[in-house]
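Comments concern the structure below.
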Amino acid sequence: MSCRTTLNAFTTNSTSTSIAAVSRSSVLLSNITLNSFPTVGKRRVRGGGAASITTSHLLYYYSLRRLDSKTQLLRRPNKKLRRNIVAYATFLELPLLPFPSDQVLVPSEAKTLHLFEARYLKLLDECLFKKKKLFVHFVLDPIVVSSSSKEASFAARYGCLVSIEKVEQLDVGALVSIRGIGRVTLVKFAKADPYLEGIVLPLQDNVPQNESQISSKVLELKEALHSLNSLEIKLKAAKDEPLQTQTANSLEWALKEPSIDCEEAFIPSFAERVSFAALQNVSGSTQSEMLKLQEEKLKAMDVKETLQRLENCTGFIKNRVSMTAAKLAIQIHIKTRARNGVNLRHYHGFISNNLQVSSQCSESKLLAASFFLFIVQKICNPSLNRCRRSLSRKKSYRRVCCSQVQIEEGTDEEACELVNGAEVSIGEGSDTVPAYLLSAVKNNNGTGILLLSDVFGFEDSCTRDFAYRIACNGYNVLLPDLFNGDPWGKERPKSLYEEWRATHNQIATKNITTSIKWMVEEFVAAGISKKLGIVGFCFGGGKVIEVLAEDDEGCFGLGVSFYGTRIDPSVAAKVKVPVLYITGDEDPLCPVKVVEEIERENVGGSKVVVFKGRGHGFVHRPASVEDDTDAEEAFTMMRNWLHNGLVVEKK
1 MSCRTTLNAF
11 TTNSTSTSIA
21 AVSRSSVLLS
31 NITLNSFPTV
41 GKRRVRGGGA
51 ASITTSHLLY
61 YYSLRRLDSK
71 TQLLRRPNKK
81 LRRNIVAYAT
91 FLELPLLPFP
101 SDQVLVPSEA
111 KTLHLFEARY
121 LKLLDECLFK
131 KKKLFVHFVL
141 DPIVVSSSSK
151 EASFAARYGC
161 LVSIEKVEQL
171 DVGALVSIRG
181 IGRVTLVKFA
191 KADPYLEGIV
201 LPLQDNVPQN
211 ESQISSKVLE
221 LKEALHSLNS
231 LEIKLKAAKD
241 EPLQTQTANS
251 LEWALKEPSI
261 DCEEAFIPSF
271 AERVSFAALQ
281 NVSGSTQSEM
291 LKLQEEKLKA
301 MDVKETLQRL
311 ENCTGFIKNR
321 VSMTAAKLAI
331 QIHIKTRARN
341 GVNLRHYHGF
351 ISNNLQVSSQ
361 CSESKLLAAS
371 FFLFIVQKIC
381 NPSLNRCRRS
391 LSRKKSYRRV
401 CCSQVQIEEG
411 TDEEACELVN
421 GAEVSIGEGS
431 DTVPAYLLSA
441 VKNNNGTGIL
451 LLSDVFGFED
461 SCTRDFAYRI
471 ACNGYNVLLP
481 DLFNGDPWGK
491 ERPKSLYEEW
501 RATHNQIATK
511 NITTSIKWMV
521 EEFVAAGISK
531 KLGIVGFCFG
541 GGKVIEVLAE
551 DDEGCFGLGV
561 SFYGTRIDPS
571 VAAKVKVPVL
581 YITGDEDPLC
591 PVKVVEEIER
601 ENVGGSKVVV
611 FKGRGHGFVH
621 RPASVEDDTD
631 AEEAFTMMRN
641 WLHNGLVVEK
651 K
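Residue 114 in full-length UniProt numbering sits at position 114 of the sequence shown, and the numbers go up by one each step.
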């Protein structure tokens, strides 16, 4: 769910507040109801509205548990006792940034956000110049009220105080590097326009009873983290190449006393910081490992005892050490095979056949390696060819992903925190079309993009990678199967191509029509997006022009055609919206003279860009370092074209 959708679904209630005394950083609070919390725990409060729990009760419990662990039994003090106690608590009023329930941020964790919506850029300015570079990262947890309820309900949970470490301005928005500081409890929403702002209280672990036991567990966890970090570096880095992992980065921060300009109560203890430092992503994690990490994060955020969290995280890290050691053993084996002349591109048995793991691994790690092979078979599918290709393709360049946020080589793109991807089936009956839908998790601008593939189909890895990159920039991308599961294959004789194209051209046209109808219903009719965008490569690039020429209802606001094949200038003249044409001057399938003729007509404010020395497919299938450089420039052009024509225009 996008931030925009989440905020629209989250309703607030107006309640009165009574403040006895106010200062800049602390306040004496009395009888403030929990504003905007229609839930207590996982149950909806009868009758809706604000929960019948007062903040004075909550603050009393907060101060009480900090005095003596023996008083933990007094969680519901009687009224007489409560009247005789004055509850003081440090609080902060800060901007709040909501995320879906699978995007929990823990203390010590570093993350990079791409902010470009106007309201979130205002939030950024507020944090930088008025809030000491602080805001609150929290998730909206969906709650089931009843089967008959039509209204979505959410609980604001897992709040984490965040410090802004770095801001990098982009052509569109900014990249913001943040660091989780400590857990907080959201007490009251102060405002909702143009962004959420609320009052938060610090949430720390209970005071530990056995300091020596805590110190021992901290030492054990640190040793396990150092082992994991060492293995991860060997797994990812070339010889003598320096590399700091996310684990090392978080642990380094946790070991130091944070220099944050806020009240001390918001900064966790040393042991608590170290326990959270263990909950970081490891390079090359599979989807199942990412899900397991998410479960551990949720568990850790709920735990109130430092010792319990240290024990949980130590066991979790030791298991990751075994798995990473197994992956390293497999990598050593594969490299050894490559040095011995085995062509991995054609070596189909390196996963399914018996694997002779290097003698550097112990028997326990052999078992872990076997388990990892099982994971690879189950998780990396449905395309083992894709796994083989990524292992064998050792190029000297790396492409930029996620709006220029670098994704580590080997990371499963479907597990990226910025995008959710799912196989969908659109249409009804005989018109049903399989498709792949990718949606931005964060900064979703609500705009739909229809991406038309080349003749190799929607399951081609290059096309899906490109769709993923578009989604990373805030879009919802639909990639349909144009050919009913029968795309053109490179192994087929070229003499059969024209026959294949003749039979599949009408199929593609019908499936595109079904896809457009679905997108109009999902995005335009629902009021999420005023206009759609359409992008296509070669065969799909030619179809982009045909679709726009027949778009009498004005569904699309603009288009992008990458080296479109068989474009008829007379058809292009009928297009009423701007189209960005991108091709190379050495592309025989998209002649320059055709796009130059279109440029002379200047149809609908269109633009033609010709890259010198580039051939067909250089943007989504770069074959060299030079191709890749121009591919990035072309991608940036497309991104700005979509943003200026759809997102800015939409606002």
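Beta carbons are placed, not taken as given, at the ideal position from N, Cα and C, and that holds for glycine.
Whole-angstrom distance between residue j and residue i, CA atom to CA atom
{"i": "L642", "j": "Q169", "result": "19 Å"}
{"i": "N420", "j": "V477", "result": "10 Å"}
{"i": "F539", "j": "L496", "result": "16 Å"}
{"i": "T513", "j": "S606", "result": "23 Å"}
{"i": "K327", "j": "S288", "result": "15 Å"}
{"i": "R621", "j": "S453", "result": "12 Å"}
{"i": "E211", "j": "L291", "result": "33 Å"}
{"i": "P493", "j": "Y581", "result": "30 Å"}
{"i": "E252", "j": "C590", "result": "53 Å"}
{"i": "N644", "j": "G559", "result": "12 Å"}
{"i": "M323", "j": "I330", "result": "11 Å"}
{"i": "K166", "j": "F537", "result": "36 Å"}
{"i": "L115", "j": "G198", "result": "20 Å"}
{"i": "I470", "j": "V520", "result": "19 Å"}
{"i": "F138", "j": "V184", "result": "9 Å"}
{"i": "K130", "j": "Q246", "result": "30 Å"}
{"i": "E93", "j": "E263", "result": "12 Å"}
{"i": "A224", "j": "I214", "result": "15 Å"}
{"i": "E117", "j": "E491", "result": "45 Å"}
{"i": "E596", "j": "P487", "result": "30 Å"}
{"i": "L124", "j": "E599", "result": "41 Å"}
{"i": "E498", "j": "V455", "result": "12 Å"}
{"i": "F266", "j": "C555", "result": "50 Å"}
{"i": "G474", "j": "S216", "result": "45 Å"}
{"i": "C472", "j": "A422", "result": "15 Å"}
{"i": "N542", "j": "L196", "result": "At residue 542 the sequence reads Gly, which differs from the Asn that was named. C-alpha separation (whole angstroms): 44 Å."}
{"i": "S570", "j": "E553", "result": "20 Å"}
Bridge partners - residue i, DSSP secondary structure assignment
{"i": "P98", "result": "F138"}
{"i": "K607", "result": "L580"}
{"i": "I178", "result": "K111, I164"}
{"i": "L186", "result": "V200"}
{"i": "R157", "result": "V139"}
{"i": "K191", "result": "E197"}
{"i": "P480", "result": "A435"}
{"i": "E423", "result": "Y436"}
{"i": "L452", "result": "G536"}
Which listed residue (the options) has its alpha carbon closest to that of residue i
{"i": "P480", "options": "C462, N505, N511, D486", "result": "N511"}
{"i": "C160", "options": "T286, S461, L134", "result": "L134"}
{"i": "P434", "options": "T503, P493, I507, Q209", "result": "I507"}
{"i": "S515", "options": "D431, P569, I233", "result": "D431"}
{"i": "V274", "options": "F266, E521, K256, K299", "result": "K256"}
{"i": "T463", "options": "L121, R501, E599, F562", "result": "F562"}
{"i": "N136", "options": "A174, D171, F189", "result": "Checking the sequence, you will find Val at residue 136 rather than Asn. Cα-wise, what sits closest to V136 is F189."}
{"i": "N229", "options": "D465, V321, K122", "result": "V321"}
{"i": "D193", "options": "L231, E126, E220, A502", "result": "E126"}
{"i": "P268", "options": "P202, R639, D302", "result": "P202"}
{"i": "G284", "options": "L121, D102, E232, K299", "result": "E232"}
{"i": "A174", "options": "G542, G615, L128", "result": "L128"}
{"i": "L121", "options": "V176, L140, V104", "result": "V176"}
{"i": "L482", "options": "L186, G489, T509, V592", "result": "T509"}
{"i": "S101", "options": "G564, Q209, N249, Q294", "result": "Q294"}
Local Cβ density within 10 Å of residue i, reported as buried at 16 or more and exposed below that
{"i": "T286", "result": "buried"}
{"i": "Q204", "result": "buried"}
{"i": "V207", "result": "exposed"}
{"i": "L568", "result": "At residue 568 the sequence reads Asp, which differs from the Leu that was named. Exposed."}
{"i": "G485", "result": "exposed"}
{"i": "S259", "result": "exposed"}
{"i": "D630", "result": "buried"}
{"i": "A502", "result": "exposed"}
{"i": "L367", "result": "Confidence at L367 is low in this model, with a pLDDT of 47, below 50, so its placement is unreliable and the value that follows should be read with caution. Exposed: under 16 other Cβ atoms inside 10 Å."}
{"i": "P588", "result": "exposed"}
{"i": "Q103", "result": "buried"}
Chain B within 8 Å of residue i, Cβ atoms only
{"i": "G421", "result": "Absent from the structure: chain B. Only one protein chain is present."}
Checklist entry - On the three-pair Cβ rule with 8 Å, is the stretch 108 to 124 touching the stretch 177 to 191? => result yes
Next on the checklist: Measuring CB atoms only, is the stretch 536 to 553 touching the stretch 568 to 582, in the sense that at least three cross pairs come out at less than 8 Å?
Outcome noted: yes
Checklist entry - Does the stretch 275 to 283 come within contact of the stretch 305 to 316, defined as at least 3 CB pairs closer than 8 Å? => result Yes: the two stretches touch, three or more of their Cβ pairs being nearer than 8 Å.
Checklist entry - Just checking, does the stretch 530 to 537 make contact with the stretch 445 to 457 on the three C-beta pairs under 8 Å criterion? => result yes
Checklist entry - Would the stretch 584 to 593 and the stretch 607 to 616 be scored as touching if the rule is three or more Cβ pairs under 8 Å? => result yes
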